[in-house]
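Enquirer: If you scroll down you'll find the structure; I have some questions about it.
Numbering (the numbering used here), first residue to last: 576 to 1196.
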């Protein structure tokens, strides 16, 4: 593979300019016209090479992922043809390559295997119907411009789910790798129990084939990364299986193979559109839709960081939706963006989405040429390949970082992982999302309320957190609220304000530094209005400095503004302090020794104030 950077391959002047408003409608229907002016002899060369490498890469992947999904092996290749072309032409990423993926394949198997026998005609029909439903949902979300929804699923949830999915992939292939019988549909922990209970039943010939394949893949991936390790590993496993069968006989070894693939174009198919079937698949379709979109958009953005491209999430939704919608009629099961193929596509020198189109075309040619050879690929070798794929799903770097930095995020991570192992996958994703939401609400429900004092030794008189020994005004408390004051936070903020009032009964005035308040909802506004009402009764006021527009709009509504007063809001720190100090009880000021404000010099009984900047003291003379 040759490394060809995007900036080197595409001159700056060749990148298409922003479209005129008159062409927006056409470009919305035919988004590939945005990058088509980039195509030239140079880009075609890079795209052709990347497409050829991509076709070679997807051949073993497609077979492996289809096997994982419970589909006939050839369906993994079908999913890398028509869907890949549609996603490339109608998506926004220049380098994203769609097709079968490990996570989607696992979800399909885990959720659909209870409805029909994997590999059967009924199973295939149900999966094609699922593909159609997923595509329809994705397209609808893209048209509705809901591309930002994927941002609400935290990275921690994705990492936990992916790690759990990796363990499920390993568990699903235990029977094929060790050559032992495990009941169909067994859960993760039952599979492990069965393996340990039947160690003596392990088929040594099958295990040898699996181990040779596994070791070959590890060696090639670590020491010769530019060579497709899957192909070399499967070739090594196939040769060992062939030698064992010829030496001892297939009846003795018990080594089973995939069988020859049909060397033909993807056959036309028809999803099952009955209402009962769709109702049965709706929850699965929602889960697959969400996972597929997260996978595709995340991969597209990751590649875009390297290429410098800007990704349109809504357009990616549309591209993925159309690819699955049409793919269902060309024997494609649910597809999404493939990280491995997309990364290889970029590193191999792909410049435009035509690389993915060429990859699909080359795949058809490769399939026609090598389809009969699949009869020699042992199922144990496919299991070993899937072990390698699963191992690559563990994001050890980020898992370690999460464990080291946050107990709450760690809880979300492992809760999602465990839920993936013990629950249906569509519910496991929802568990992770719910935990992330609860964690967010927990964090935002306790905004910090910090007491401040002015620094008279600093020209701008910046406020800083009160420290031991700092003098405070006996009539006014100054606080900074860091966070939003909404229904989930009003109890915490209310308690903090109550404690401040109880512990500092003479400080009837309260100045809130509101720059860090993102927004205030009705519950928050009512809380602050009640605080203002209570302080008025005590002879004081509630004041605001540097309120954000969104929060001020709520607080200035008539039902709340009457409690604050029209003069309660200040944009200038100087104006705020000058106005509030003028409201002080002068009898208290006359005996005050703190005098932390410059404005205190004009009050009755004021002493001369001399500031010593070096010592940080105010000396009253």
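Just so it is clear, CB atoms sit at the ideal spot from N, CA and C, and this is done for glycine as well. The structure displayed is predicted, hence computed values, not measured ones.
Pairs of beta-carbons, one from the stretch 903 to 921 and one from the stretch 600 to 620, closer than 8 Å: are there three or more?
Expert: Touching, no.
Enquirer: Under 8 Å: do the stretch 703 to 722 and the stretch 881 to 901 share three or more Cβ pairs, one atom per stretch?
Expert: Yes, they touch.
Enquirer: Pop quiz: residue 542 and residue 1068 are said to be a contact at Cβ under 8 Å. What is the actual Cβ separation, rounded to whole angstroms?
Expert: Any property of residue 542 remains undetermined from this structure, which presents the chain solely from 576 to 1196.
Enquirer: Using the three-state DSSP reduction, which class does residue 694 fall into: helix, strand or coil?
Expert: Coil.
Enquirer: From 807, 1164, 1160 and 1174, pick the residue whose C-alpha is nearest to that of residue 1150; which is it?
Expert: Of the candidates 807, 1164, 1160 and 1174, the one whose C-alpha sits nearest the C-alpha of residue 1150 is 1174.
Enquirer: What do you get for residue 967, buried or exposed, if any count of 16 or more other CB atoms within 10 angstroms of its CB means buried?
Expert: Residue 967 should be labelled exposed.
Enquirer: In whole angstroms, what separates the C-alpha of residue 695 from that of residue 1062?
Expert: Spanning the two alpha carbons is a distance of roughly 53 Å.
Enquirer: Can you give the beta carbon distance from residue 1009 to residue 846, rounded, assuming they're within the 8 Å contact cut?
Expert: Incorrect: roughly 31 Å between the Cβ atoms, too far for contact.
Enquirer: Beta-carbon separation of residue 710 and residue 896 under 7 Å?
Expert: Yes, these two residues count as a Cβ contact at 7 Å.
Enquirer: For residue 1244, name the three-state secondary structure that DSSP assigns.
Expert: The question about residue 1244 has no answer, for the chain in this structure spans 576 to 1196.
Enquirer: Under the rule that 16 or more other beta-carbon atoms within 10 Å means buried, what is residue 1037, buried or exposed?
Expert: Per the 10 Å Cβ criterion, exposed.
Enquirer: Buried or exposed, going by whether 16 or more other CB atoms sit within 10 Å of the CB of residue 785?
Expert: Residue 785 is buried by the Cβ-count criterion.
Enquirer: How is residue 1023 classed by DSSP in three states: helix, strand or coil?
Expert: Note: residue 1023 maps to strand in three-state DSSP.
Enquirer: Quick one: what's got a C-beta closer than 6 Å to residue 815's C-beta in the same chain, skipping five residues either side?
Expert: Same-chain partners within the cutoff: 784 and 787.
Enquirer: How about residue 929 and residue 622: do their beta carbons lie closer than 7 Å?
Expert: Against a cut-off of 7 Å, the Cβ pair of residue 622 and residue 929 comes out as a contact.
Enquirer: Per the DSSP calculation, residue 1057 is bridged to which residue(s)?
Expert: DSSP, once it has assigned bridges, lists 1023 as partnering residue 1057.
Enquirer: For the structure I just gave you, are there three or more beta carbon pairs, one from the stretch 976 to 993 and one from the stretch 855 to 862, closer than 8 Å?
Expert: Flag = no, the stretch 976 to 993 and the stretch 855 to 862 do not touch.
Enquirer: With distance defined between alpha-carbon atoms, name the residue in 951, 1104, 939 and 882 nearest to residue 918.
Expert: Measuring from the Cα of residue 918, the nearest candidate turns out to be 882.
Enquirer: Note down the Cα distance separating residue 965 from residue 1045, rounded to an integer number of angstroms.
Expert: Those two C-alpha atoms are separated by around 59 Å.
Enquirer: Within the continuous beta strand (DSSP E) that includes residue 1087, where are the two ends?
Expert: It spans 1084 to 1088 - the beta strand (DSSP E) in which residue 1087 sits, taken as one unbroken run.
Enquirer: Do residue 921 and residue 627 have their C-beta atoms closer together than 7 Å?
Expert: No, the pair does not count as a contact, with Cβ atoms beyond the cut-off.
Enquirer: Tell me the DSSP secondary structure of residue 610 in three-state form.
Expert: Residue 610 falls in the coil class under three-state DSSP.
Enquirer: Output the boundary residues of the alpha helix (DSSP H) element that contains residue 1039.
Expert: Not the alpha helix (DSSP H): residue 1039 falls in the beta strand (DSSP E), residues 1038 to 1040.
Enquirer: What residue does the alpha helix (DSSP H) around residue 568 start on, and which one ends it?
Expert: A query on residue 568 cannot be resolved here, the shown segment of the chain reaching from 576 to 1196 and no further.
Enquirer: Which word fits residue 798, buried or exposed, when buried means at least 16 other C-beta atoms lie within 10 angstroms of its C-beta?
Expert: Residue 798 is exposed by the Cβ-count criterion.
Enquirer: Exposed or buried, which one is residue 636 when buried takes at least 16 other CB atoms within 10 Å?
Expert: The residue in question, residue 636, is buried, as its Cβ has 16 or more Cβ neighbours within 10 Å.
Enquirer: Would the beta-carbon of residue 663 fall within 7 Å of that of residue 674?
Expert: Not in contact: residue 663 and residue 674 (Cβ atoms no closer than 7 Å).
Enquirer: Alpha carbon to alpha carbon, what distance is there between residue 614 and residue 835?
Expert: Approximately 38 Å between the Cα atoms of the pair.
Enquirer: In chain order, what residues of the same chain have a beta carbon less than 7 Å from the beta carbon of residue 874, not counting five sequence neighbours either side?
Expert: Result list for residue 874: 671, 912, 914 and 917, in chain order.
Enquirer: Given 8 Å as the limit, is there contact between the stretch 865 to 874 and the stretch 675 to 689, that is, 3 or more CB pairs closer than that?
Expert: Taking 8 Å as the limit for Cβ pairs, the verdict is that the stretch 675 to 689 does touch the stretch 865 to 874.
Enquirer: Assign residue 947 to buried or exposed, taking buried as 16 or more other Cβ atoms, counted over all protein chains shown, within 10 Å of its Cβ.
Expert: Label assigned to residue 947: exposed.
Enquirer: Do residue 927 and residue 618 have their CB atoms nearer than 7 Å?
Expert: Cβ distance < 7 Å, so residue 927 and residue 618 count as in contact.
Enquirer: With distances taken from CA atoms, which of 942, 1122 and 1155 is nearest residue 1146?
Expert: It is 1122.
Enquirer: Using only the alpha-carbon positions, how far apart do residue 750 and residue 901 sit?
Expert: Distance between the alpha carbons of residue 750 and residue 901: 35 Å.
Enquirer: Enumerate, from N- to C-terminal direction, the unbroken beta strand (DSSP E) stretches of 3 or more residues contained entirely within the stretch 603 to 671.
Expert: Fully enclosed beta strand (DSSP E) runs of 3 or longer: not present.
Enquirer: By the three-class DSSP mapping on this structure, what secondary structure does residue 688 have?
Expert: Note: residue 688 maps to coil in three-state DSSP.
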